[in-house]
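Just so we're aligned, residue 225 is where the sequence shown starts under the numbering used here, counting upward by one.
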Amino acid sequence: GIVGVRGYGGGVIGRYSDVGDIFPNVAEFHTMRVNQPSGWFYTTQKLRQLCDIWEAYGSGLTNFHGSTGDIILLGTTTQNLQPCFDALSEAGFDLGGSGSDLRTPSACVGPARCEWACIDTLELCHDLTNTF
225 GIVGVRGYGG GVIGRYSDVG DIFPNVAEFH TMRVNQPSGW FYTTQKLRQL
275 CDIWEAYGSG LTNFHGSTGD IILLGTTTQN LQPCFDALSE AGFDLGGSGS
325 DLRTPSACVG PARCEWACID TLELCHDLTN TF
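As structure tokens, then:
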């Protein structure tokens, strides 16, 4: 892609405005895709931590579980991409797939909440994510 973070081939969608001179606040408005936790299990502490990181490095605009299943963080500058990624990694979050990378697999809650689960969907999703 046109922008990114060290060690990753995806997870960042670069967006530059053709009219950045007219609208300088959105001259760069990159999007970051963050991999959701398996089964979409969150704690309020983790959600607050994620939002605090995004307030510090981005616009504060989010889209949870868009068409990709990822947590979408809308609007940051090129210079804030790496520090934001570093803060997300330190908090235990990982980037999701974009471009030609494997798109983020998503799993139902499986055996965590379903007594009739035939397979461990959470483990399967984790294995697929780490393998591909």
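Glycine included, every Cβ here is placed at the ideal spot set by N, Cα and C.
Are there 16 or more other CB atoms within 10 angstroms of the CB of residue i, so buried, or fewer, so exposed?
i, result
"residue 252", "buried"
"residue 262", "buried"
"residue 259", "buried"
"residue 247", "exposed"
According to DSSP, is residue i part of a helix, a strand, or is it coil?
i, result
"residue 337", "coil"
"residue 257", "strand"
"residue 320", "coil"
"residue 236", "strand"
"residue 247", "coil"
"residue 226", "coil"
"residue 288", "strand"
Please confirm whether residue i and residue j have their CB atoms less than 8 Å apart.
i, j, result
"residue 287", "residue 298", "yes"
"residue 230", "residue 254", "no"
"residue 312", "residue 331", "no"
"residue 300", "residue 284", "no"
With distances taken Cα to Cα, identify the nearest neighbour of residue i among the options.
i, options, result
"residue 319", "227, 236, 226", "236"
"residue 308", "350, 256, 247, 264", "256"
"residue 267", "316, 356, 345", "316"
Under a CB-based cut-off of 8 Å, is residue i close to chain C?
i, result
"residue 234", "No chain C appears in this structure, which consists of one protein chain only."
Note to self: Measuring CB atoms only, is the segment 294 to 314 touching the segment 335 to 347, in the sense that at least three cross pairs come out at less than 8 Å?
What the structure shows: no
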